[in-house]
Amino acid sequence: MIGENLLQRKPQAGLSRTASNAADELKAFRSCLRWMGVDHSTAGGAVLSWTVFFALNVAVPSISHFVLAYSVHRRPYDAAFQLSLSAAAALAFLCLSSAYRRYGLRRLLFLDELRRESPRVRAGYIAHLTRSFWILSCFVFPCLAVESAYKIWWYLSGVRRIPFLGNAAASDVVACALELASWIYRTGIFLLVCVLIRLICQLQILRLQDFATVFREESEVEAVLRQHLRIRKQLRVTSHRFRSFIVACLIVVTASQFTALLLTTRPYAEVYLFNTGELALCSITLVTGLLLCLRSAAKITHKAQALTSHAAKWHVSATIDSFTPDPEAPLSDTINHAVFVNDASCMEESDDENDDEAKPEDELEDTKLVQPQANTISFQKRQALVTYFENNHAGITIFGFVLDRAWLHTVFMLELSLFLWLLSKTIGIS
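In UniProt numbering, the protein residues as written are 1 to 430.
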């Protein structure tokens, strides 16, 4: 039903925002956004969204810190926790609201381009779209259970509270409910944007996997080049839409983690579960969301770069196959040619059988090649296509830097160096 709805939409309707209805493939997604208070499809929804944002991301954390946590020794790390989670939620909210207002939900999720894709890509993307809710719930609900248990235990600890309702028990119940609502809102909206980035990255991965099938059949260089240019355009659009969020998220998470490190390793710091539980849970949430974004982007980049080696293997196979044995040639040359081709096929089959450590990122490299026809594409055209792939690496970029494993290794080493430097200043390691 969903696939039929996608195919039946008119091309000119793809650029417009559509209202939810019984046949809308985004009905569940819009309902999720509405319940989370981030629905900007209407003016009233936008006003309500900003109101909920200021109430749960600014007002409640401020009241919680300055009114409820008036005893410093009771919640010594509350300021770091509140600022970290609120900053991440504000970043996610601004990114989502800006993208929603500028593109609309259908264009943001590239559903307006989906009608031009193959049935395999459409079916896979719709499955990932449905599965994204399950992934979000897998991240949010376990954390919510832990946070709820921690908050209930914290409020039942017997420490004196401010009875702002005239009754201490009622005050604790209301305060606990408000703090939990604020926490679930901030955590949910941050992880929602991270899951959306992962969903869009999955669409690009499906496109790359579908594009790799052109090397299994007779394909003209012009058609291959046109498809690759279209994929590069989509990757560039994806990079431009989310590069600011990824960089800002990296800065916020780094600052949050090193602030927590400085606070917990300073002299005479009291570190135990009662006063550091929320800070630890906040750190786990922020790092998980950041790694989800970085892993999805890096996976796209490496699958796009794998097309170069795949095209080179296709070119080699076509070149070898084009040299048909000459009846007047010596028998040894003919045997050598046959042995070379058979050995290559055997080696490829052996690698597929014995490579137990192959990962999903290597799917493009391990795609079996079907021998192309000798006269389909000339040697010069194939060589030009391989040269084009070698000099035009597609992938997710962040202000000109390709987000691949090398970039992640560089970031990790910088983070590790800063981490060790901070430890040397606090606990004196060398």
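All C-beta atoms in this analysis are idealised placements derived from N, C-alpha and C, irrespective of residue type, glycine included.
C-beta contact flag for residue i and residue j at 9 Å
{"i": "residue 450", "j": "glycine 395", "result": "Limits of the chain in this structure are 1 at one end and 430 at the other, which puts residue 450 out of reach."}
{"i": "tyrosine 185", "j": "leucine 56", "result": "yes"}
{"i": "leucine 279", "j": "leucine 422", "result": "no"}
{"i": "leucine 206", "j": "arginine 120", "result": "yes"}
{"i": "tyrosine 125", "j": "leucine 203", "result": "yes"}
{"i": "residue 431", "j": "alanine 92", "result": "The first residue shown for the chain is 1 and the last is 430, placing residue 431 beyond what the model contains."}
{"i": "isoleucine 231", "j": "alanine 304", "result": "yes"}
{"i": "methionine 36", "j": "glycine 188", "result": "yes"}
{"i": "serine 97", "j": "alanine 46", "result": "yes"}
{"i": "tyrosine 100", "j": "serine 137", "result": "no"}
{"i": "alanine 298", "j": "tryptophan 407", "result": "yes"}
{"i": "glutamate 117", "j": "aspartate 210", "result": "yes"}
{"i": "glutamine 383", "j": "histidine 310", "result": "no"}
{"i": "leucine 403", "j": "leucine 229", "result": "no"}
{"i": "cysteine 201", "j": "alanine 88", "result": "no"}
{"i": "leucine 235", "j": "isoleucine 63", "result": "no"}
{"i": "leucine 105", "j": "leucine 129", "result": "no"}
Neighbourhood of residue i by C-beta, 8 Å cutoff - its chain only, sequence neighbours within 5 removed
{"i": "asparagine 275", "result": "Arg74, Arg75, Pro76 and Tyr77"}
{"i": "valine 214", "result": "Ala223, Val224 and Gln227"}
{"i": "isoleucine 284", "result": "Cys143"}
{"i": "alanine 80", "result": "Ser256, Thr259, Ala260, Leu263 and Leu279"}
{"i": "proline 327", "result": "Since pLDDT at proline 327 reaches only 47, below the 50 mark, its modelled position is unreliable, and the value read off the structure follows with that caveat. For proline 327, where only same-chain residues beyond five positions count, there are no Cβ hits under 8 Å."}
{"i": "alanine 127", "result": "none"}
{"i": "valine 58", "result": "Ser86"}
{"i": "serine 157", "result": "Phe274"}
{"i": "valine 140", "result": "Ile184, Thr187, Gly188 and Leu191"}
Residue i - partner residues in DSSP beta bridges
{"i": "valine 402", "result": "Thr397"}
Same chain, Cβ closer than 7 Å to residue i, five either side skipped, listed in chain order
{"i": "serine 148", "result": "Leu180"}
{"i": "glutamate 390", "result": "Thr308"}
{"i": "tryptophan 183", "result": "Glu147"}
{"i": "cysteine 282", "result": "Phe81, Ser84 and Leu85"}
{"i": "tyrosine 155", "result": "Asp172 and Cys176"}
{"i": "phenylalanine 399", "result": "Arg243"}
{"i": "threonine 238", "result": "Ile200, Gln204 and Ile396"}
Run of the alpha helix (DSSP H) containing residue i, from where it starts to where it stops
{"i": "arginine 120", "result": "119-155"}
{"i": "proline 61", "result": "60-63"}
{"i": "alanine 79", "result": "78-108"}
{"i": "leucine 250", "result": "221-265"}
{"i": "threonine 387", "result": "379-391"}
{"i": "phenylalanine 66", "result": "Here phenylalanine 66 belongs to no alpha helix (DSSP H), and DSSP marks it neither H nor E."}
{"i": "threonine 51", "result": "43-54"}
{"i": "glycine 188", "result": "168-211"}
Residue i beta carbon near the ligand PLP (any heavy atom closer than 8 Å)
{"i": "serine 31", "result": "By its list of ligands, the structure shown contains no ligand whatsoever, and the ligand PLP lies outside what it can speak to."}
Residues near residue i by beta carbon distance below 6 Å, same chain, minus five either side
{"i": "glutamine 82", "result": "Pro61 and His65"}
{"i": "proline 267", "result": "none"}
{"i": "phenylalanine 53", "result": "Phe93"}
Minimum Cβ-Cβ distance from residue i to chain B less than 9 Å
{"i": "alanine 248", "result": "Absent from the structure: chain B. Only one protein chain is present."}
Given 8 Å, three or more beta-carbon pairs between the region 281-289 and the region 249-258: yes
Inter-stretch contact at 8 Å, needing at least 3 Cβ pairs: the region 189-203 / the region 168-181: no
Any 3 or more C-beta pairs closer than 8 Å across the region 26-33 and the region 139-146: no
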